[in-house]
Every structure is written in C-alpha cells, then in structure tokens.
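Going by numbering that gives the first Met the number 0, the letters in the sequence shown line up with residues 0 to 439, in that order. A short worksheet on the structure shown next.
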Amino acid sequence: MSEEIVYRRYKPGDESGIVEVMNACFDTFRGYGLNTEVWLDYDRRDPGFKKEEALVAEHKGRIVGHVQLVFREIKLGRKTFITTGGIANVSTHPDYRGKGIATKLMKMALDRCKELKIPLSSLFTGYGYVAHRIYRRLGYADTLFMTRYLAEDEEVERTLEMLPEDPSVRVREYREGDEEGMLKVYEQHIEEYTGAIRRDLTYWKNKLIDIVCYHGFFAENLGEAARVLIAEKNGKVTGYAYFFIWSKARKPIIFSKEMGILTELVASDIKTLASLAKEALKRMREEKVKTFASLVPPYPPYSDLFREFQLFRETGIYMDAVVDQSLLFDMLCKEFSARLEEAGIRSEFRFLVESPYGRTLLEVKEHEVRVSEGKADVELRFVDMHSFVRMLYGIEGFADLLLKGKIDVRRSDVKFQTLLNTMNALFPRMKWFIWPADHW
0 MSEEIVYRRY KPGDESGIVE VMNACFDTFR GYGLNTEVWL DYDRRDPGFK
50 KEEALVAEHK GRIVGHVQLV FREIKLGRKT FITTGGIANV STHPDYRGKG
100 IATKLMKMAL DRCKELKIPL SSLFTGYGYV AHRIYRRLGY ADTLFMTRYL
150 AEDEEVERTL EMLPEDPSVR VREYREGDEE GMLKVYEQHI EEYTGAIRRD
200 LTYWKNKLID IVCYHGFFAE NLGEAARVLI AEKNGKVTGY AYFFIWSKAR
250 KPIIFSKEMG ILTELVASDI KTLASLAKEA LKRMREEKVK TFASLVPPYP
300 PYSDLFREFQ LFRETGIYMD AVVDQSLLFD MLCKEFSARL EEAGIRSEFR
350 FLVESPYGRT LLEVKEHEVR VSEGKADVEL RFVDMHSFVR MLYGIEGFAD
400 LLLKGKIDVR RSDVKFQTLL NTMNALFPRM KWFIWPADHW
C-alpha cells in the first residue's frame, strides 16, 4: 500500500480531508469543533499559517496523513529573529498507522524548509510518546519542557495579600485602540527573552483582539471567556493581562471548567506587573474560579509574584531541528559580533563547530564574527543535539556544557582562557519563553 500513497502539497479542496484526519487524531480539535471553515480561517488570521504549506498523504483520492508548516519569526539571542519552520498537526488516519506516513511527511517538511532557506524547524509535542520518538529520530532535539504555575484559592488569597498596590497604576478593561500600546510593551518585554515570537499590529488584532487565542489554533471570544486588562500611567499603556474564565468557554477543551487561566501578563515595570496580576486574580475569584493557572515565565519577577503557587514541569516539550547549521550561524553572526563587543572581548582565531547537524567554521577577528573556510585553530565537537540546541537559545551556556562534558575540545592552538572567555561571550545563558498564544 505504501507505494500507492502520494505525498504532495495542498491543493484546493483538500481541506475537508485534512479536517477529517485531524479530527480522527486529536480530541482537542474534535472537541473544538474543527471544520473546513475554521481550518481555512487559520490561513486568514495567522500570517505564518499558509494553506499552500499544508502537506498531505493521499491514498486512492483520500487524504490519510497531514503535516502543517507554520512559519514564525523566533528570537534567537538578544536582537536576532530567525524564521523557523514550525511543525503542527502531525496526523495519520488510524486506519493507516504503522506505515511510515508521518515520518515521510516530516521529511517532506524539512526538505521544504531547506528549499525556502529556513535554517530551523521547531515543534511542540508530548515527551515520551510515539511522536516524540519519531521527532528525535528525525533530528529534533529536546529544547525545553513547558511549565505552569497552579494554585487553589488558599494560595491565591495569600498571593493577593502579598502583592503590593501602586496608586499611580490604573487597571481597566481593554478599549479599542489599546493594542498599539500593548504591542510596544510586548516588544520592550521580549528584549530580555530568547524564544519569543515577533508580532506586528495585524497579528495582534487577528489573534489577540478579534478572537483571543490561548493557543495558536484555539481561541475564545473577547468579553466572554476571554478577558483583557490594561494598565496605564498618566494615560499611557504600561501593561496588559489576558485571562480566561473556563466555565464561560464556548468550547471548553484542554482545561477544567473550574479553572481560571492567566495566559499572558506583561508590563513595563514590576509595580505595574503586580497590579495587573492582583486585579486578574481578584476577577477570577469573583467568577468563582476554583483552580488558578498562570502560564507565565518561570523566572523573576514572575517567580517572585507567584511564589505561593506551585510550579509544575509538564510533559509538553518544545523541540528544534537545525536544518542548515552554516546558514543559521551566518544569520547569527551580527548577533555574535554584538555580544563580543558588549563583553569587551577582542580575539583572533578560527574555530570549527561540529554538531550532529553539521560542521561550520567560524572566524573571530577583533569583535567581528563570520562564517569562514580553511583551517581551524580549535575544534569543538558537541556530543549531542539536545545540549547544542539549548546552547543556541541560551538555555544553557557554553560553560555549562563544558562542565557537563557535552563539548569535546579536540585540538586547540588558542590559549584556554582566551577560548573560554570568547565562547562564554558568544554563548551566554539567557531566559527562554514563548507565550501560549504564539504556539502552533
């Protein structure tokens, strides 16, 4: 049968077969009421979702497998955004499983990324499941587990007592036109995060106002289950909070109906952040929420504000595959040069980066970094793909991997301290986070 299966990209009319396969494979989409209208609306609302980038497996005129490419501009470092080929909705009809359909579609997606000169491919999945093992075999590394804060009413009461109030901060409901100020606050916020997704005003209106996404594919209506609070000082937007009252959800999937979920909390300063968190939690309590979830970064100042909550590491995991290592490094050279200049480091040597994804020679001259050719002064072999990808994002630094024995310094004509100082500046530790609305 496998020889009869045709693998191709989307053509008009495929949406009904794609929806059928997705509903057969995912309780979430089935519960959400996915139909052809909803699927086609993804193409309209999300600039990274293009129906032409839907990949399908077809057998005797029937779509039996599907993978969707979703493009995102993801932040890799302090200033650089790289387009990643996001993998979503990997599905094989139950009648056709065990025939390698998903694997072939995934390889097709990676080939498509190469064709488009996209150096990275990323996805979300569950750790330890069949899909996770398939992704690993295809070169996707375990980048980071998802986390969430959870609390019952007792912990929320203590949190409300602890959170300070700032009389200069006014918290109110969202009004049309606020999104421009919200976007500015978001852009300021993500300066300190790697992994963050670039947004523009159209993206914001489509996915966070017209409807409010709590996941890239799932949303509720503003003013019903979805609520938005705005913080302002002297008439200027200085923060915002998105939260959901799940008992009022039209399509209550993923979460319990007793839950209130804070899905995005961003502010220009800690006092505004605390004021927004306090008001959001108060309003959830007024709606008789029993269990409170906060899907915020597990770093200060969030970890300080939600210290009475329990922090859980989930089985959900974010994974990456480097599609073209040399192209990726070439795109990061400006970022690397800025890091060396900021650290005040001037070196001159060439180093070879060897990872499971390939071999790339980088040249450091003063504080400038570029992809080069020729002989290396030092060779760095990264033992596994997982630690290599985490270092690219800054989840672990160069020094962390060196101490763990994840880097083999094969040959070096460079003084060790010079090498260490340079590599630590090139690959420092950073905070990684993607807000749920940007997931795919």
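Ideal Cβ placement from N, Cα and C applies to all residues, glycine included.
A distance of 7 angstroms or more separates the beta carbons of I344 and L379. In the structure shown, F25 falls within a coil segment according to DSSP collapsed to helix, strand and coil. Sequence-distant partners of V89 (beyond 5 residues in either direction) whose C-beta falls short of 6 angstroms from its own C-beta, in its chain, are V66, A101.
Comparing C-alpha distances from R111 to each of L54, I316, P163 shows the shortest one belongs to L54.
Beta-bridge partners of L54 (DSSP): R8, V66. Taking every protein chain shown into account, the CB of E14 has 16 or more other CB atoms within 10 angstroms, so this residue is buried. In this structure, the alpha-carbon of V37 lies about 16 angstroms from that of Y213.
Assignment of S274 by DSSP, reduced to helix, strand and coil, places it in the helix class. Pairing D329 with V370 gives a Cβ-Cβ distance under 7 angstroms. For secondary structure counted as the beta strand (DSSP E) over 3 or more consecutive residues, the region 134–212 holds these complete runs in sequence order: 140–151, 169–172. Residue state for R226 is assigned as strand, using DSSP reduced to three classes. A direct Cα-to-Cα measurement between T27 and I253 gives close to 7 angstroms. Put simply, the backbone Cα of T124 is about 17 angstroms away from that of G64. In the structure shown, T262 adopts extended strand secondary structure according to DSSP, grouped into three states. Boundaries of the alpha helix (DSSP H) around T421: 415–425.
In this structure, the beta-carbon distance from V20 to H92 falls below 7 angstroms. Excluding sequence positions up to five before and after E178, its CB lies within less than 8 angstroms of the CB of L200, W203, K204, L207, I208, all in the same chain and listed in chain order. Around the C-beta of P163, fewer than 16 other C-beta atoms lie within 10 Å, and the residue is accordingly described as exposed. Look at L104 here: in three-state DSSP terms it is helix. Using a C-beta cut-off of 8 angstroms, the region 113–121 makes contact with the region 71–90, since at least three inter-stretch Cβ pairs fall below that distance. When C-beta atoms of the region 295–303 are compared with those of the region 325–341, fewer than three pairs fall below 8 angstroms, so the two segments do not count as touching. Under the three-state reduction of DSSP output, V295 falls in the coil class, being neither helix nor strand. Residue range 301–304 is occupied by the alpha helix (DSSP H) that includes D303. In the DSSP assignment, D412 is bridged to no other residue. Within the DSSP secondary-structure output, T35 pairs in no beta bridge. For E347, the CB contacts under 8 angstroms within the same chain, skipping 5 residues up- and downstream, are V363, K364, E365 in chain order.
With respect to the C-alpha of A292, the residue from F311, S274, Y298 having the closest C-alpha is F311. In the DSSP assignment, R389 falls within the alpha helix (DSSP H) that extends over 384–392. With a threshold of 16 other beta carbon atoms within 10 Å, P296 meets it and is buried. When the beta-carbon positions are compared, F426 and M390 come within less than 7 angstroms of each other. Look at E365 here: in three-state DSSP terms it is strand.
Distance from D437 to I316 at the Cβ level is roughly 16 angstroms; contact not present, criterion being Cβ atoms closer than 8 angstroms.
Its Cα nearest to that of D94, the residue H58 stands out among R77, K106, D165, H58. Collapsing the DSSP output to three states places V18 in a helix. Beta-bridge annotation (DSSP): G357 is paired with S354. Taking the C-beta atoms as reference points, G215 is found nearer than 7 angstroms to W439.
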